[in-house]
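**Q**
Chains as they are written, first to last, in UniProt numbering: chain A, 1 to 646; chain B, 1 to 168.
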């Protein structure tokens, strides 16, 4: 796909220019040889209702001219062929008669003289023929009955677009012109709406924007495949062209669908089933006990059993030691009944817990995304103006705050879906010997964690830090502060102190936005590429990986690239590469030994920093070369401590 | 409806039903007799079981039997179909349930219905007679009991019919 201006959010678009790996080749693979992940781009346009009507009219005109048919006929043919003009030409010229028959196009029948009366076939009253209406088949009915017939059909839904003559065995299509001629304005409008909807809904290359209240449609500019394709409507909402759910790159549509069904079904149904039913011992269908008696019969397989001990009712007698023996706990336990049962329940509990883990994180990120979205709107509406006065900067130059918010919104969305991905990608219980799976899980979680950490940081800075800064400015006298005599005018806003504080914040936020963006671009690409393939890239010899922990070459490369900008360095590839293979194997080893305590993050950080030859400030993202220093040379932030406000 | 003063749906329905009644009394369809048309919106028709067999050599399944058919017109007749059902005991037929509901597309409008406002009670009665006459398998539809239980007290017009079998 070529570079087109329609596509705005270039940072999820994995184009090569945006991806800082091609120069040094140290990332482990050359993107040029992997076009399938780096070139997946969407080409589409957003069309308003007016533009859609124009498109529809264009298609109609084209068909009317090529086939020399009326507009009413062209509508039918196009609708039949899903508004695909090429398909119309094919089908029409392959067998014109068959097609005309199928969609009810009949040759115009001669009309008789208008100066005689005829009885209407619906109300049986007599009318002058000139006052009656008919489809091209010329079966006349009075205007009132046509109106009733058409209105009933319009109220019945979009099927009215294939309305046929009221006469039982006549299949002639009722032309749109007749429908609009006899209907009242309200019904006519509805009919036009159905017609436009058919244009979009039957057309494979068009989809409505699913945002409530939005009337735009998105047109794909190429053959549509069944793959996920994120598009952004003019109204600002992003959705997947293929499945109409919200945009969910890098996760595929199938996973999203499963996850959504699971979420809606799980919370209500599964919990209820677990709490209130037992499976029939024979056919395993869940059974709810809705009467008092313990003698159950399965409505499906007719098996009769005891609700308490789940044994067959037939064996529930003298032979098993008395009829109501199942009140005795000991005997049941001795038979081992509860062992298998409780094991099963335990298993259900564990898998529910696992689901809850992913679901909570998914839902929290979803909520955080909505909040970020409204914060962004709030910033746009009010905050920027206030801030603009405090720092004597036009709002046009404060756009980087909105950019940061937009970044948070987008990252929350991606992050959210990686939890659905994680849930399905890794099973309930990965066996210890499956080191490949364990390694992949560790690798995935490490990358996810990295991306999430930066996102949290960015979110905190653009939200809390910015608010704190504004509060601080408020306490100092500002522009509006005028001395009592009215002569002294203190312009704190452009004082050097405040400008210094402000420009530091600005740099920090811009840098952090960029770094976060990088991390998410990487995360998206890695997931789209597939974990197994990716791990193979990072370690050419998977078996020997544990030993190949320290790579001196990597360190020297990192140092060599020291002249790059801080943002690029923050995501410098060399240390990351060895870092990744280390962490993943380490995490895997950790899990394998079933040690619950995770390895110390700080210790890992120190090792990585030593390897890279620098440490990056957590607040302002500046690169510090002094490995022994504990505070940032730029902003004095403590190297390990919590991020402090300016 | 400025150009049709007094054309409320009900008045159209009443005029049309009256016209159908006049036509019926002049030319009743074969094998059918109007037992009652009081009130005008609720007709009961006596339908004789067809005396012919579907083909030479096949048994005459309904010869000598007599069925009652109830037709209940609504205010929107004929734009909407009347409610048509057999008064139990209904004919034993693969498309007729024991509660009298009939699976025949022309009796219903909507998604896959075949009703047309140009159809009349006369034509409905004829269609039902020929449905009986062409049958070779005197049996109830599959799931008859289930269906009757589910639809107790409901109009057949509320059922979501699937008219897939046009052989019988």
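Backbone N, C-alpha and C define an ideal beta-carbon position, used for all residues, glycine too.
#1: Against chain B, does residue 676 (chain A) count as a neighbour if the rule is that its beta carbon must be under 9 Å from one of theirs?
#2: From the DSSP secondary-structure annotation, give me the bridge partner or partners of residue 278 (chain A).
#3: At a CB-CB cut-off below 7 Å, which residues of chain A make contact with residue 79 (chain B)?
#4: To which residues does DSSP link residue 34 (chain B) through a beta bridge?
#5: Going by C-alpha to C-alpha distance, which of A:147, A:208, A:198 and A:209 sits closest to residue 181 (chain A)?
#6: Listed from N- to C-terminal order along the chain, which residues in the segment 275-290 of chain A have their beta-carbon within a distance smaller than 7 Å of any beta-carbon of chain B?
#7: Could you please tell me which residues of the segment 153-170 of chain A, in chain order, have their CB closer than 8 Å to any CB of chain B?
#8: Span of the alpha helix (DSSP H) holding residue 105 (chain B)?
#9: Give the range of the beta strand (DSSP E) segment to which residue 650 (chain A) is assigned.
#10: Going along chain A in order, which residues have a C-beta closer than 9 Å to the C-beta of residue 117 (chain B)?
#11: If you drop the 5 nearest sequence neighbours on each side, which residues of the same chain put their C-beta closer than 7 Å to that of residue 85 (chain B)?
#12: So, with DSSP's three-state summary, where would you put residue 71 (chain B)?
#13: Let me see if you follow: with CB-CB separation under 9 Å, is residue 106 (chain B) close to chain A or not?
#14: Determine, using beta carbons only, whether residue 75 (chain B) comes closer than 9 Å to chain A.
#15: Quick one: using the 10 Å Cβ neighbour count with 16 as the cut-off for buried, is residue 301 (chain A) buried or exposed?
#16: For residue 121 (chain B) and residue 53 (chain B), I'd like the C-alpha separation in whole angstroms.
#17: Output, in chain order, the set of chain A residues within a Cβ distance shorter than 7 Å of residue 16 (chain B).
#18: Beta carbon of residue 243 (chain A), beta carbon of residue 216 (chain A): below 9 Å?
#19: I'd like the list of long-range same chain contacts for residue 229 (chain A), defined as Cβ closer than 7 Å, with 5 residues on each side in sequence excluded.
#20: Could you say if the segment 524-536 of chain A and the segment 246-253 of chain A meet the contact criterion of at least three C-beta pairs nearer than 8 Å?
#21: Rounded to a whole number of angstroms, what is the C-alpha to C-alpha distance between residue 68 (chain B) and residue 32 (chain B)?
#22: Determine contact between the segment 18-27 of chain B and the segment 111-118 of chain B, defined as no fewer than three beta-carbon pairs at a distance below 8 Å.
#23: If you run the structure through DSSP and keep just helix, strand and coil, what is residue 121 (chain B)?
#24: Do you know offhand how far residue 152 (chain A)'s Cα is from residue 76 (chain B)'s?
#25: To the nearest angstrom, how far is the alpha carbon of residue 131 (chain A) from that of residue 169 (chain A)?
#26: Can you tell which of A:53, A:70, A:145 and A:535 has the C-alpha that lies nearest to the C-alpha of residue 11 (chain B)?
#27: Which residue or residues does DSSP assign as beta-bridge partners of residue 47 (chain A)?
#28: Using the three-state DSSP reduction, which class does residue 616 (chain A) fall into: helix, strand or coil?
#29: How would you call residue 452 (chain A), buried or exposed, if buried means at least 16 neighbouring beta carbons within 10 angstroms?
#30: Which of the three DSSP states, helix, strand or coil, is assigned to residue 69 (chain A)?
#31: From residue 296 (chain A) to residue 285 (chain A), what does the alpha carbon distance come to, in whole angstroms?
#32: Could you check whether residue 211 (chain A) and residue 44 (chain A) sit closer than 9 Å to each other, using their CB atoms as the reference points?
#33: Tell me, please, whether the CB atom of residue 144 (chain B) is closer than 9 Å to any CB atom in chain A?
#34: Considering only residues of the same chain and omitting the five flanking positions on each side of residue 159 (chain B), which have a CB-CB separation below 7 Å?
#35: Quick one: is residue 19 (chain B) near chain A, going by C-beta distance under 9 Å?
**A** The relevant details are as follows:
#1: With chain A covering 1 to 646 only, the question about residue 676 (chain A) has no answer from this structure.
#2: The residue labelled residue 278 (chain A) in the question sits at position 278 within the first chain. Beta-bridge pairing links residue 278 (chain A) to A:287.
#3: As a first step, residue 79 (chain B) must be located in the second chain, where it is residue number 79. What residue 79 (chain B) touches in chain A: 148, 149 and 152.
#4: In the second chain, the residue the question calls residue 34 (chain B) occupies position 34. For residue 34 (chain B), which the question treats as bridged, DSSP gives the partners B:45.
#5: Here residue 181 (chain A) refers to the residue found at position 181 of the first chain. Out of A:147, A:208, A:198 and A:209, A:147 has the C-alpha closest to the C-alpha of residue 181 (chain A).
#6: none
#7: 156, 159, 166, 167 and 168
#8: Translated into the one-based positions of the second chain, residue 105 (chain B) becomes position 105. Per DSSP, residue 105 (chain B) belongs to no alpha helix (DSSP H) and is neither H nor E.
#9: Outside the shown range of chain A (1 to 646) lies residue 650 (chain A), about which nothing can therefore be said.
#10: Numbered from its first residue, the second chain carries residue 117 (chain B) at position 117. 121, 122, 123, 141, 145, 148, 149, 152 and 166, listed in chain order.
#11: Start at 1 with the first residue of the second chain, and residue 85 (chain B) comes out as number 85. So the list reads 70, 100, 101, 102 and 156, once near-sequence residues are dropped.
#12: On the second chain, residue 71 (chain B) is found 71 positions in, with the first residue counted as 1. Strand.
#13: Residue 106 (chain B) sits at position 106 when you count from the first residue of the second chain. Yes - at least one Cβ of chain A is within 9 Å of the one on residue 106 (chain B).
#14: For this step, residue 75 (chain B) is matched to residue 75 along the second chain. So no, residue 75 (chain B) is outside the interface.
#15: In the first chain, counting from the first residue as 1, residue 301 (chain A) sits at position 301. By the neighbour-count rule (16 or more Cβ atoms within 10 Å), residue 301 (chain A) is not buried but exposed.
#16: Position 121 of the second chain holds residue 121 (chain B). Position 53 of the second chain holds residue 53 (chain B). Whole-angstrom Cα-Cα distance: 24 Å.
#17: Residue numbering aside, residue 16 (chain B) sits at position 16 when the second chain is read from its first letter. Within chain A, the residues near residue 16 (chain B) are 123 and 124.
#18: Here residue 243 (chain A) corresponds to residue number 243 of the first chain, with the count starting at 1. Here residue 216 (chain A) corresponds to residue number 216 of the first chain, with the count starting at 1. No; because the gap between Cβ atoms is not below 9 Å, this pair is not in contact.
#19: By 1-based counting over the first chain, the position of residue 229 (chain A) is 229. Answer for residue 229 (chain A): 42, 240, 241 and 242, listed in chain order.
#20: yes
#21: Here the question's residue 68 (chain B) lines up with position 68 in the second chain. Here the question's residue 32 (chain B) lines up with position 32 in the second chain. Roughly 10 Å separates the two Cα atoms.
#22: no
#23: As a first step, residue 121 (chain B) is located in the second chain; it is residue number 121 there, counting from the start. Looking at residue 121 (chain B) - three-state DSSP - the assignment turns out to be helix.
#24: The residue you call residue 152 (chain A) lines up with position 152 of the first chain. The residue you call residue 76 (chain B) lines up with position 76 of the second chain. Their backbone Cα atoms lie some 10 Å apart in a straight line.
#25: Taking the first chain and counting its residues from 1, the one referred to as residue 131 (chain A) is at position 131. Taking the first chain and counting its residues from 1, the one referred to as residue 169 (chain A) is at position 169. Between residue 131 (chain A) and residue 169 (chain A), the C-alpha separation is close to 24 Å.
#26: As a first step, residue 11 (chain B) is located in the second chain; it is residue number 11 there, counting from the start. When only C-alpha atoms are compared, the closest one is A:145.
#27: As a working mapping, residue 47 (chain A) is identified with position 47 in the first chain. Beta-bridge pairing links residue 47 (chain A) to A:217.
#28: For the purposes of this step, residue 616 (chain A) is taken as the residue at position 616 of the first chain. Residue 616 (chain A) falls in the strand class under three-state DSSP.
#29: Translated into the one-based positions of the first chain, residue 452 (chain A) becomes position 452. Counting Cβ neighbours within 10 Å, residue 452 (chain A) comes out buried, since at least 16 surround it.
#30: The residue given as residue 69 (chain A) occupies position 69 in the first chain. Residue 69 (chain A): coil per DSSP, three-state reduction.
#31: Numbered from its first residue, the first chain carries residue 296 (chain A) at position 296. Numbered from its first residue, the first chain carries residue 285 (chain A) at position 285. Whole-angstrom Cα-Cα distance: 13 Å.
#32: Position 44 of the first chain holds residue 44 (chain A). Position 211 of the first chain holds residue 211 (chain A). In this structure, residue 211 (chain A) does not lie closer than 9 Å to residue 44 (chain A) by Cβ.
#33: If you number the second chain from 1, residue 144 (chain B) lands on position 144. Taking Cβ atoms only, chain A never reaches closer than 9 Å to residue 144 (chain B), which makes this a no.
#34: On the second chain, position 159 is the one that residue 159 (chain B) refers to. Correct list, in chain order: 101 and 151.
#35: Here residue 19 (chain B) is taken as the residue at index 19 of the second chain, counted from 1. Yes, residue 19 (chain B) lies at the interface with chain A (some Cβ there is under 9 Å from its Cβ).
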